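Participant:
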Amino acid sequence: MVKLTIDGKAVEVPKNSYLIEAANAAGIKIPTLCYLELHKDKRGDNASCRVCCVEVEGRKNLAPACATPVMEGMVVKTDTARVIGARKMMLELLLSDHPQDCLTCGQAGKCGLQDLCYQYDIKESNYRGIMSDFPVDESNEFYVRDMNKCVNCRRCVMACSSFQCTHALDFASRGFTAHPTPPFDDPVSESVCVSCGNCVSVCPTAALLPKTKVKYRNWEVSRTTTTCSYCGVGCQLDLLVKDGKVVGIEPVDGAANNGLLCVKGKFGYNFINHPDRLTTPLIRKDGKLVEATWDEAYTLIVDKITKTKAEFGGDALAGLTSARVTNEENYLFQKMVRAGFGTNNVDHCARL
Ligand code: SF4
Ligand code: SF4
Ligand code: SF4
Ligand code: FES
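Counting from 1, one number per residue, gives the positions in the sequence shown under the numbering used here.
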């Protein structure tokens with residue numbers, strides 16, 4: 001363990017911690033833009049935005065809290081006039097070539113840049129940058145890339161290369177034209193991108209946005225944490241719900257997925273409200289499927305199972321379940337087949 005002082009508070013943290021983790025442990029919030037808490041072992045030191053800068057006693061330069069390891073006896077200050085001034089300058093530099101169309105921007109209300117400008121009272125930039133004119137890339141089926149709104153935080157590159165390990169993105173160009181891109185600035189649909197959307201989930205601005213069918217603001221949605229039902233990995237995610245409909249999905253840092261999702265978990269939700277979806281059980285009568293109540297359906301199932309078992313024994317029955325339900329539901333299903341049907345004829349579509 002290492003002991004240090006932050007804003008006059010004594011704190012003790014494991015020796016491989018960064019200053020930002022020590023500040024969190026002391027209950028002191030340091031603003032960040034490029035920092036990602038996910039995958040500490042894989043993300044490396046990013047420190048591209050410098051919004052998290054702090055003063056460390058005895059050091060000439062301000063230090064990025066997200067990439068400065070703690071040392072025994074360090075004395076750190078996180079909110080001096082010098083620190084605040086430096087953060088404001090960083091934000092003004094970022095704003096100097098950023099389109100300020102917050103009124104119609106899809107990320108307003110959950111934009112890292114907007115939040116920080118609000119926090120530090122930045123209305124406009126004292127610097128004049130060169131506005132970029134990147135073509136908006138809509139080639140991916142699930143998300144849009146608008147690099148004019150990119151703040152070069154590198155989070156998307158980290159997510160794609162270090163966490164997802166697809167390596168579809170890296171940085172190109174220098175200065176005001178620096179931007180993350182697939183090779184040769186080709187449309188992302190022509191790259192090795194697998195549409196997992198992890199870059200979209202970590203982007204703090206509207207540079208990467210999901211193609212959603214319903215417009216919503218962050219404050220209009222309620223969040224329900226649940227388990228993805230597409231496969232047995234058990235990724236944790238938040239359903240974003242507006243007016244009783246799922247309008248988006250964001251990953252949760254769960255034990256099985258560490259804040260990542262695949263294309264199905266991230267984008268595969270439009271079926272939920274699809275008009276073709278079955279909403280009542282169907283029973284075949286005179287060769288035709290007709291709508292029935294759940295009571296009718298269950299009565300029929302129980303009746304047929306009971307009769308079959310009485311006439312032919314439990315092994316005349318079998319149960320087939322799905323990889324798309326939770327482990328708990330699969331457990332209950334096999335229990336029902338073994339204990340209720342009286343047979344070990346139970347299988348699972350994942351074995352196909
Ligand atoms: S969607 Fe996934 S694979 Fe494609 S660029 Fe983003 S992180 Fe990489
Ligand atoms: S696209 Fe988004 S995540 Fe990637 S560098 Fe730009 S702002 Fe950061
Ligand atoms: S997000 Fe993908 S990997 Fe994770 S549980 Fe869902 S389908 Fe499986
Ligand atoms: S959050 Fe630390 S440098 Fe960006």
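Just so it is clear, CB atoms sit at the ideal spot from N, CA and C, and this is done for glycine as well.
All figures in this text were calculated on a predicted structure; none of them were measured in a lab.
#1: If distances are taken between C-alpha atoms only, which option among Asn126, Ser48 and Asn330 comes closest to Leu93?
#2: Please name the residue, chosen from Ala67, Ala168, His39 and Asn61, that lies closest to Val83 on a Cα-to-Cα basis.
#3: Can you tell me the Cα-Cα spacing of Pro204 and His98, whole angstroms?
#4: Going by C-alpha distance, which of Ile283, Arg174 and Lys266 is nearest Val202?
#5: Give the C-beta separation of Ala292 and Ile305 to the nearest angstrom, bearing in mind that I take them to be a contact with Cβ-Cβ under 8 angstroms.
#6: Between which residues of its own chain and Ala318 is the CB-CB distance below 6 angstroms, once the five residues before and five after are set aside?
#7: Using the rule of at least 16 other Cβ atoms within 10 Å of the residue's Cβ for burial, across every protein chain shown, is Leu103 buried or exposed?
#8: In whole angstroms, what separates the C-alpha of Leu75 from that of Cys193?
#9: May I ask whether a heavy atom of ligand 2 can be found less than 7 angstroms away from the beta carbon of Val202?
#10: Any contact between the region 64 to 71 and the region 174 to 181? By contact I mean 3 or more CB pairs, one from each, below 8 angstroms.
#11: Is the region 138 to 154 in contact with the region 42 to 53, if contact means three or more CB pairs nearer than 8 angstroms?
#12: Using DSSP's beta-bridge definition, name the partner residues of Ile6.
#13: Short of 8 angstroms in beta carbon distance, which residues of its chain neighbour Asp79, apart from the five on each side in sequence? Order them along the chain.
#14: Secondary structure at Gln100, three-state DSSP: helix, strand or coil?
#15: Using a Cβ-Cβ cut-off of 6 angstroms (strictly less than) and excluding sequence neighbours within five positions of Lys245, which residues of its own chain qualify?
#16: When you compare the region 214 to 233 with the region 241 to 261, are there three or more beta-carbon pairs, one atom per stretch, that lie closer than 8 angstroms?
#17: Can you give the Cα-Cα distance for Asp41 and Pro275, rounded to whole angstroms?
#18: Nearest-angstrom Cα distance between Leu320 and Phe312?
#19: Which residues in the same chain have their Cβ closer than 6 angstroms to the Cβ of His348, if we skip the five residues on either side of it in sequence?
#20: If you compare alpha carbons, which of Glu296, Tyr230, Asn257 and Leu261 is closest to Val325?
#21: Go through the residues and name those whose CB comes closer than 5 angstroms to any heavy atom of ligand 3, in chain order.
#22: Is Val151 close to ligand 2? I mean its beta-carbon at under 7 angstroms from any heavy atom of the ligand.
#23: Measuring only from the beta carbon, is Val51 closer than 7 angstroms to any heavy atom that is part of ligand 4?
#24: Determine, using beta-carbon pairs with one atom in the region 12 to 27 and one in the region 128 to 146, whether at least three such pairs fall under 8 angstroms.
#25: Quick one: is the Cβ of Ser208 within less than 7 angstroms of any heavy atom of ligand 2?
#26: For Lys285, which three-state DSSP category applies?
#27: Please report the distance separating the alpha-carbon of Gln107 from that of Thr308.
#28: Using 7 angstroms as the cut-off, classify the Cβ of Tyr120 as near or not near the heavy atoms of ligand 4, replying yes or no.
#29: State buried or exposed for Val302, treating a residue as buried only when at least 16 other CB atoms are found within 10 Å of its CB.
#30: Below 8 angstroms between beta carbons: does that hold for Glu250 and Leu237?
#31: For Arg87, which three-state DSSP category applies?
#32: DSSP has Pro210 in a bridge; who is on the other side?
Facilitator: Reading off the structure:
#1: It is Asn126.
#2: If we check each option's Cα against that of Val83, Asn61 comes out closest.
#3: Rounded to the nearest angstrom, the gap between the Cα atoms of Pro204 and His98 is 13 angstroms.
#4: The option with the nearest alpha carbon to Val202 is Lys266.
#5: In fact, because the Cβ distance is near 17 angstroms, the residues do not count as touching under 8 angstroms.
#6: Asn345
#7: exposed
#8: Note on identity: in this sequence residue 75 is Val, with Leu being the wrong assignment. Straight-line Cα distance between these residues: approximately 44 angstroms.
#9: yes
#10: no
#11: yes
#12: Answer is Lys9 and Val76, bridged to Ile6.
#13: Here the set comprises Asp7.
#14: coil
#15: Asn273
#16: yes
#17: 44 angstroms
#18: 19 angstroms
#19: Thr321
#20: Tyr230
#21: Cys228, Tyr230, Cys231, Val233, Cys235, Leu261, Cys262, Lys264 and Gly265
#22: yes
#23: yes
#24: no
#25: This sequence places Leu at residue 208; Ser is not what is there. Yes, since a heavy atom of ligand 2 falls inside the 7 angstroms radius drawn around the Cβ of Leu208.
#26: strand
#27: 58 angstroms
#28: Because no heavy atom of ligand 4 lies under 7 angstroms away, the Cβ of Tyr120 does not count as near it: no.
#29: exposed
#30: yes
#31: helix
#32: BP columns for Pro210 point to Tyr143.
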